[in-house]
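Student:
Number of protein chains: 2
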Amino acid sequence: MSQITAARVYDARFDLPKGVGSDAVHTDPQYGYAVTVLQTQDGLRGTGIAYTLGGGTNLICEAIKLFAPEVLGRPIEELMSEFGAVQKRLADHHQLRWLGPHKGVTHAALASLTNACFDLWAKQRGVPLWRLLLDLPPEALVDLIDLSYLEDVLTRDEAIEILKNRLSSRGERSSVLQEGYPGYDTSAGWFQYSEDKLRENVERAMASGFTAVKLKVGSPNPDRDVRRAAMVRELAGPHLQIMLDANQAWSLPAAKTACAALASIHPYWIEEPTHPDDILGHQTLAQLIAPVKVAVGEAVANRVLWKNFLEAGAVGVVQADCTRLAGISEYLAVAILATKYPVQVIPHVGDMGQIHSHLVLFNHIALGHARLFLEYIPHLREYFVDPVVIENGKYRTPENPGCGTEISAHVLQRCAVWDVSPD
Amino acid sequence: MSQITAARVYDARFDLPKGVGSDAVHTDPQYGYAVTVLQTQDGLRGTGIAYTLGGGTNLICEAIKLFAPEVLGRPIEELMSEFGAVQKRLADHHQLRWLGPHKGVTHAALASLTNACFDLWAKQRGVPLWRLLLDLPPEALVDLIDLSYLEDVLTRDEAIEILKNRLSSRGERSSVLQEGYPGYDTSAGWFQYSEDKLRENVERAMASGFTAVKLKVGSPNPDRDVRRAAMVRELAGPHLQIMLDANQAWSLPAAKTACAALASIHPYWIEEPTHPDDILGHQTLAQLIAPVKVAVGEAVANRVLWKNFLEAGAVGVVQADCTRLAGISEYLAVAILATKYPVQVIPHVGDMGQIHSHLVLFNHIALGHARLFLEYIPHLREYFVDPVVIENGKYRTPENPGCGTEISAHVLQRCAVWDVSPD
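In order, the protein sequence lines correspond to chains A and B. Per this note's numbering, residue 5 is the first one in the first sequence, and the count goes up by one each step. Per this note's numbering, residue 5 is the first one in the second sequence, and the count goes up by one each step.
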């Protein structure tokens, strides 16, 4: 039995070229990861990440040090056989729970640790994450998840049933493995890009085979947003999908005005129109801009908030992110729950698509979520050992064992690092 | 001008006697504070606290170190003249914001820093916090608050109007200063207390002049809850108010069953019946158990979630806590907003009542919130320089300058401590 004998935590931050990653709220981001590396006595390594915008990544690292002793000394297969219970034990730790519950720095730490466990497990089994998840019996898959506080909308039995009901039709959806999962280009339209640069990027995205691009909006000057959105629509013609993303910049009254004005360019969605905790505000906006969809998720902290968004009809596109939620486990909870509502699931890629390019395959094949497009942001490609590959606008299906999260040794060498000691 | 020249951060944790502080979810708490101490060049010290259950207090301390440089070098009067803008700048820091937004460890850090600024300011002016707040012109009071994301329910003008409208009737409510603000005894009914101990405590609480006591519920065995609650009701007679507190132990279906059973003892409220992010769940329960009230707040992270609770009619008793929200500023936002809804405001006292005994005076006199009762938990009295005094079940009005948050030097000496360096 391959036993986890060591855990290390790294504070990894990456400078970005000027303007890259900029939006209406985050003017000068770095990208960052709080990285957990678990090691077994036979030399396997599992890497987990939680995404940040640079500053404060060390806070998540400190929190991982408090959680990680739970997995030390445990054989990976045995650990994963009851991982939902492990998640609950950590998230509901009788003292640390107060610091959330289930949100913020401590929840991100649980994401990093959880994702490391999944990466190690997939490597142990010698398969990519998507294959691992597809091959699990429905009961075993559901036992990876802490379903507490969802009992009113999703019981364990019902989650198993959802998976079982879709088993026989998996074949119809498996062609995605050969064809690749479509991507969309987020990096075309960063907030600070000039209109010339924006035009050039949209044209390049189309030439590269993308059928959808994202434009950052949320300007204090609404005319700028409308002008740029109209320009992209004119360049793109009627068939390219355009996503608009305000990154929470608007108050609810401002969002109403801006969304109404921006609807004229027929966007596919308007993303994060206001504060991500404002469920009723999103409900109002969803009703206002239909059939344009409201997208939200990169800052929705946990499954309980997702339950509220779904029950309230406050979201059209569920952008759940396994580096914001408590890792792959809680992502699966949200993806299964979402099958019960008239929504689409299109993850935000805090992981640059490394993990989510696996998860959308599972979403589509096992859960029957529509095959749409997954965000593509290439800025950290060179730092991963096994970066995602996009060909003709589509993610190539990952074939190597694990979750794609291993970070190059030369990157980790320059990071602040901590060894986790047993309790 | 008294300028802030130094900031220190302390990780203060306090062991509790066996059973004290226990509830259905937090089985073995310590109490803890992430403490910010600001110092001026003329020797004034302001102390701010954010409450924890011990574990992970260091995470909040690390976050305070990232925020505190903002106030170094600034004269306290000048800083407080634009404190709402300072709050927004820190909470919306272009990189750190990602770690919330406005929740969890980073938000608690902002609470600690904010509360230190208020304590320093009140000391500089030589008045207790309640007097400082009552004496501010409405405009100056509102400018202490970051009202962003509340625009649809509370504008700056409206907040000022709410204060102005109640100015002329303040005299009618000021007798509370002489009479003292009523307390209620939370320490009577900790979860792990035996029925004998519980009986003894309730009798002592009544003999001490308390007219309300709290009992912890949320047992996996609902019969235990009902038995203990019925016992307290029998001891107390029909006139004593009994609050029941489940500390988030129940799923929504379990909460429905338990609340229906517990309603038979006519509690004043049922507190934290399920997960604090489950706004629609609380809405369902509020409708189910009316006229018994749903109380929630010690884990409601920010003003945006409060807006949702209030708009949804999901709360009857707003237990906002200035050591969970971003300090006294965001507490004031919620207290002002709550005047627009049919609710009561009875803070949770993460601060053991040190700050909230000031804030309820402001609530009642300036905002017209009903004079009810404030939680009383005595377990950390000895660690404060100027602990609250309860006489005949009532808080004595604090008279010393500041917020009551100064912690004894002998306590701070044994804490982990960090000096904050300028940016």
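Cβ atoms here follow ideal geometry from the backbone N, Cα and C, with glycine treated the same way.
Identify the residues that DSSP records as bridge partners of A/V39: which are they?
Tutor: According to DSSP, which records beta bridges pairwise, A/V39 is partnered with A/Y14, A/I53.
Student: Helix or strand or just coil, what does DSSP make of A/I394?
Tutor: Of the three classes helix, strand and coil, the one that applies to A/I394 here is strand, per DSSP.
Student: Measuring alpha carbon to alpha carbon, tell me which of B/A28, B/F18, B/D27, B/G47 ends up nearest B/Q7.
Tutor: The residue with the shortest Cα to Cα distance from B/Q7 is B/G47.
Student: Less than 8 Å between CB atoms is the rule here; does A/G88 satisfy it with respect to chain B?
Tutor: Answer no: the Cβ-Cβ gap between A/G88 and chain B never drops below 8 Å.
Student: Can you give me the C-alpha to C-alpha distance between B/L138 and B/E155, rounded to a whole angstrom?
Tutor: Spanning the two alpha carbons is a distance of roughly 24 Å.
Student: Residues in the same chain with beta-carbon distance under 6 Å from A/E334, minus the five sequence neighbours each way, listed in chain order, please.
Tutor: Once the five neighbours on either side are set aside, the close Cβ partners of A/E334 are R307.
Student: Is the region 215–222 of chain B in contact with the region 249–258 of chain B, if contact means three or more CB pairs nearer than 8 Å?
Tutor: Contact between the region 215–222 of chain B and the region 249–258 of chain B is present, because at least three Cβ pairs lie under 8 Å.
Student: Please report the Cβ distance between B/L371 and B/R170, rounded to the nearest whole angstrom; I am assuming they are in contact, meaning their Cβ atoms lie under 8 Å.
Tutor: Sure, about 6 Å apart at Cβ, within 8 Å.
Student: Could you give the distance in angstroms between the alpha-carbon of B/E86 and the alpha-carbon of B/I80?
Tutor: Roughly 10 Å separates the two Cα atoms.
Student: Do B/P73 and B/V424 come within 8 Å of each other at the CB atom, strictly closer than that value?
Tutor: Taking 8 Å as the Cβ cut-off, B/V424 and B/P73 qualify as a contacting pair.
Student: Could you run through the region 75–105 of chain B and flag, in chain order, every residue whose CB is less than 9 Å away from some CB of chain A?
Tutor: Against chain A - using a Cβ distance shorter than 9 Å - the residues of the region 75–105 of chain B are D96, H97, H98, Q99, L100, R101, W102, L103, G104, P105.
Student: Please classify A/K31: is it buried, with 16 or more other beta-carbons within 10 angstroms of its beta-carbon, or exposed?
Tutor: The residue asked about is misnamed: residue 31 of chain A is Thr in this sequence, not Lys. Result: exposed.
Student: Starting from the N-terminal side, write out each stretch of the alpha helix (DSSP H) that is 4 residues or longer and does not extend beyond the region 132–181 of chain B.
Tutor: Counting whole runs of 4 or more residues, the region 132–181 of chain B contains the alpha helix (DSSP H) stretches 133–139, 142–146, 160–169, 174–177.
Student: Excluding five sequence neighbours on each side, which residues of the same chain lie with their C-beta closer than 7 Å to the C-beta of A/K168?
Tutor: P142, listed in sequence order.
Student: If distances are taken between C-alpha atoms only, which option among A/V29, A/Q43, A/V157, A/R174 comes closest to A/H368?
Tutor: Per the Cα distances, A/R174.
Student: Chain B partners of A/Q34, CB-CB under 9 Å?
Tutor: Those within 9 Å of A/Q34 in chain B are Q99.
Student: Count the other C-beta atoms from every protein chain shown that fall within 10 angstroms of the C-beta of B/S172, then say buried if there are 16 or more, exposed otherwise.
Tutor: With fewer than 16 other Cβ atoms within 10 Å, it is exposed.
Student: Going by DSSP in three states, A/D227 sits in which element: helix, strand or coil?
Tutor: It is helical.
Student: Since A/V308 meets chain B, which of its residues come closer than 7 Å, beta carbon to beta carbon?
Tutor: H279, D281, D282, listed in chain order.
Student: May I ask which residues mark the beginning and end of the alpha helix (DSSP H) holding B/I381?
Tutor: Neither: B/I381 is in no alpha helix (DSSP H) and is coded neither H nor E.
Student: Less than 8 Å between CB atoms is the rule here; does A/K220 satisfy it with respect to chain B?
Tutor: Chain B, which has no Cβ nearer than 8 Å to the Cβ of A/K220, makes this no.
Student: Quickly, what does DSSP pair A/F87 with across the bridge? List them, please.
Tutor: For A/F87, which the question treats as bridged, DSSP gives no partner whatsoever.
Student: How many Å lie between B/F366 and B/A54 at the Cα?
Tutor: Each residue's Cα considered, the two are about 21 Å apart.
Student: Helix, strand or coil, according to DSSP, for A/A330 in the structure here?
Tutor: In the structure shown, A/A330 sits in coil (DSSP, three-state: anything other than H, G, I, E or B).
Student: Thinking C-alpha only, which one of A/H373, A/A290, A/V146 is nearest A/E3?
Tutor: With chain A covering only 5 through 427, there is no way to say anything about residue 3 of chain A.
Student: Hey, how far is the Cα of A/I283 from the Cα of A/A318?
Tutor: Cα to Cα, A/I283 sits roughly 6 Å from A/A318.
Student: Relative to the C-alpha of B/A126, which candidate in B/P426, B/T409, B/T261 has its C-alpha closest?
Tutor: Ranking the options by Cα distance to B/A126, first place goes to B/T409.
Student: Within 10 Å of its beta-carbon, does A/R231 have 16 or more other beta-carbons around it, so buried, or fewer, so exposed?
Tutor: Classification of A/R231: exposed, given that the 10 Å Cβ count is below 16.
Student: Is it right to say A/V90 is buried, meaning 16 or more other beta carbons lie within 10 angstroms of its own, or is it exposed?
Tutor: Label assigned to A/V90: buried.
Student: Is there at least one Cβ from chain A nearer than 8 Å to B/T56's Cβ?
Tutor: Yes, B/T56 lies at the interface with chain A (some Cβ there is under 8 Å from its Cβ).
Student: Mind listing which residues of the region 299–325 of chain A have their C-beta closer than 8 Å to chain B's C-betas, in chain order?
Tutor: Listed in sequence order: A303, A305, N306, V308, L309, K311, N312, E315, A316.
Student: What is the DSSP secondary structure of B/K218, reduced to helix, strand or coil?
Tutor: In this structure, B/K218 counts as strand in the three-state DSSP scheme.
Student: Going by other Cβ atoms of all chains shown within 10 Å of its Cβ, with 16 needed for buried, is B/P105 buried or exposed?
Tutor: So B/P105 ends up on the buried side.
Student: Check A/L376 in the structure and name its three-state DSSP category.
Tutor: Reduced to three states, the DSSP call for A/L376 is coil.
Student: So which residues on chain A does B/D156 lean against when the C-beta distance must stay under 8 Å?
Tutor: By Cβ distance, chain A contributes S255, L256, P257, G285.
Student: Taking A/A265 as the reference, give the member of A/N225, A/A299, A/V304, A/H286 with the closest Cα.
Tutor: Per the Cα distances, A/N225.
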